[in-house]
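Sequential numbering from 0 applies to the sequence shown in numbering that gives the first Met the number 0.
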Amino acid sequence: MARDYAARCPRSPGRNAWMVATLIILAAQGVVAQKVRVEEELEAYPTESVDLRCEFVDGGSLTKLTQVSWIWEPVDGQRDNIAVYHPTYGQSFPNVAFRDRVIFLQNNLRIPSIRIKDLRMSDAGRYTCEYATYPSGNEQGTTTLIMLAKPKNSAKAVTVQAGSKSVMVAHCEAADGKPAATIKWLASVGGNHSTSSTNGPDGTVTVRSEYRLVPTAEDNGREVTCLVDQKTQDRPWTEVLKLSVEYPPTVTIDGYDHNWYVGRSDAVLFCHATANPEPTTITWTTASGSLPDTVVVEQNKLTVRKVDDAVNTTFTCEVKNKHGASRKTLTTFVIEEKREPVQEQQTGALVGGVLGTIIFIGIIIGIVFLIRKYQQDTEGPPKHKPPPPVKAGSSTEMLNKPSEPPTATETVPLSPGEVYYEPTGGEPVTMLDEDATDALNGGAPPVLNKDGSDGHHGNDSSNHGPSSGNIPRGESFVSTPMYV
């Protein structure tokens, strides 16, 4: 029946809004009711100290405080009281593990902050400051303490023997860190790495990484680098390791110059070996077994005091270390006479010298050509030449025929000081005044004709001196003075 009533009377939108408002008010009351002020999270290191702050804020209410307790809840464990304060009965520290390491910073029920000394990794967990109050009941606030630990980092190369299987050649470890560290490798050799971690009883983590490859003799002495990164470190920790790969000797013989002639003294052979570890023995023998009497051996050096047919043989050098032995052979040939070394022509140097000389001469010639051209451009006559003088009808009349150039026999009167250029490129001629003309005549007055004229007025063209057309190229002339 009730179900039928609910079906007949559905909830109104207004009623739903009222219920939502009620929930919001209750939530707000819960927020306001949070009267214990603490820090949400703290980080600390072993052997250090940490202060857990707590304060009761009642906002002017009439709440009565009875006592306050600090309750510790480990990461894996049960809650336990570690410190209690009562305004009448004083302080109490019921947990033995914290008894000598926890103190109240002040005897104040409203500010019961505590300090934990000589921290341990196992102290990590949740710490709750809980008040017993009247009439509202218990009030509390919780702080999470995170313990951090710097890892103990180490790295080492492992001595291995060259082979065909992948083996560990180096390992790197970050021990007892919190949080767990990250290990990386930097290497120029072709290898790979594997990483594993182990949790400690106190919450720390040990991370271990191994670097593996198929070792060869060429890998000996090469470098790999371990990098450890962790929250408590300012920068990644690095360690450079040199690989140690052991292998049997590799032998070579040198010193033979193919010029062992009869009677030569102090011919030398050297036996070189690369090995890890260093060779323990070096032995010289010949094809016949024993060495000739003229041969002296000093460690890896074989010296022939005097070459003869006895050293026309095959020498063998054998080198040993703890991983095995290797040998190398060399056959020497004794000749009758000394073979003079042939000096190779320095063709490349010769060609280079010739080319260099040619280039140098070409540069000098180019510089001289440019200098001479520059001098010709600066010292030569002007490029523009004015028109030559032409003959006028009278002493005061100028020929006005711009479209018809003057002929070679025509002249144009020029003012004193003007320059005339030959049309054919002759030397420039300067027009002189009367005083200059008298000077040219030795200071004598002009010569008069029989009729009393001075020879400058008249229509006789012969009185004007030689025409410009009859003046040889390159010669200058002085025009006859004209009177106006």
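By construction, the Cβ of each residue, glycine as well, lies at the ideal position given by its N, Cα and C atoms.
Check                                                                                                                                                                                  : Outcome
Figure out for me which residue from I370, Q90, L369 and R119 has the closest Cα to the Cα of P200.                                                                                    : R119
Can you confirm whether the stretch 224-240 touches the stretch 307-315 when touching is taken to mean that 3 or more C-beta pairs between the two stretches lie within less than 8 Å? : no
Short of 7 Å in beta carbon distance, which residues of its chain neighbour P111, apart from the five on each side in sequence? Order them along the chain.                            : C53, V67, Y84, F103 and C128
DSSP state of E42, grouped into three classes?                                                                                                                                         : strand
Go through its chain and collect everything with a Cβ distance to T46's Cβ below 8 Å, but skip five positions before and after it.                                                     : D117 and L118
What are the start and end residues of the alpha helix (DSSP H) that includes V95?                                                                                                     : V95 to R98
Would you call the CB atoms of V353 and L242 closer than 8 Å?                                                                                                                          : no
Going by DSSP, which residues form a beta bridge with E277?                                                                                                                            : E277 is not bridged to any residue.
Could you give the distance in angstroms between the alpha-carbon of A161 and the alpha-carbon of K177?                                                                                : 38 Å
Quick one: Cα of S165 to Cα of V303, how far?                                                                                                                                          : 47 Å
Among the candidates Q232, Q374 and S121, whose CA atom is the shortest distance from the CA of M146?                                                                                  : S121
Just verifying my parser: in three-state terms, what is the DSSP assignment at T377?                                                                                                   : helix
Helix, strand or coil: how does DSSP classify V83 here?                                                                                                                                : strand
Compare the Cα-Cα distances from L108 to each of G288, A96, G89 and I115 and report the closest residue.                                                                               : G89
Roughly how many whole angstroms lie between the Cα atoms of P150 and V206?                                                                                                            : 9 Å
In angstroms, rounded to a whole number, what distance separates the CA positions of T231 and R98?                                                                                     : 29 Å
Quick one: Cα of S91 to Cα of A82, how far?                                                                                                                                            : 6 Å
Determine the closest residue to I252 out of V244, A272, S264 and N258, with distance taken between C-alpha atoms.                                                                     : A272
Go ahead and label E172 buried or exposed: buried means 16 or more other beta carbons lie within 10 angstroms of its beta carbon, across all protein chains shown.                     : buried
F499 by DSSP, collapsed to three states: which one?                                                                                                                                    : As displayed, the chain neither begins before 0 nor continues past 483, which places residue 499 out of reach and without an answer.
Could you confirm whether any beta carbon from chain D is found closer than 8 Å to the beta carbon of W69?                                                                             : The chain inventory of the structure shown lacks chain D, comprising one protein chain alone.
To the nearest angstrom, how far is the alpha carbon of W69 from that of N80?                                                                                                          : 6 Å
State the DSSP-derived secondary structure class of E336, mapped to helix, strand or coil.                                                                                             : coil
Thinking T194 and S208 are a contact (beta carbons under 8 Å), I'd like their distance in whole angstroms, please.                                                                     : 4 Å
Locate the beta strand (DSSP E) running through E138, then write down its first and last residues.                                                                                     : G136 to M146
Leaving out the 5 sequence neighbours to the left and right, which residues in its chain are closer than 6 Å to R36 when beta-carbon positions are compared?                           : E54 and V56
Can you grab the Cα-Cα spacing for the pair K319 / V261, in whole Å?                                                                                                                   : 33 Å
If you run the structure through DSSP and keep just helix, strand and coil, what is T197?                                                                                              : strand
Which partner residues of Y260 appear in the DSSP bridge assignment?                                                                                                                   : I334
Helix, strand or coil: how does DSSP classify D117 here?                                                                                                                               : coil
Relative to the alpha-carbon of P134, which residue among V74, T62, D175 and K34 has its alpha-carbon at the smallest distance?                                                        : T62
Taking only the alpha-carbon atoms, compute the straight-line gap between S325 and L268 and give it to the nearest angstrom.                                                           : 17 Å
Give me the residue from T143, A154, T158 and N258 with the minimum Cα distance to V213.                                                                                               : T158
Out of S187, Y126 and H322, which has the shortest C-alpha to C-alpha gap to T249?                                                                                                     : H322
Across which residues does DSSP place K63 in a beta bridge pair?                                                                                                                       : Y133
Rounded to a whole number of angstroms, what is the C-alpha to C-alpha distance between I113 and H192?                                                                                 : 47 Å
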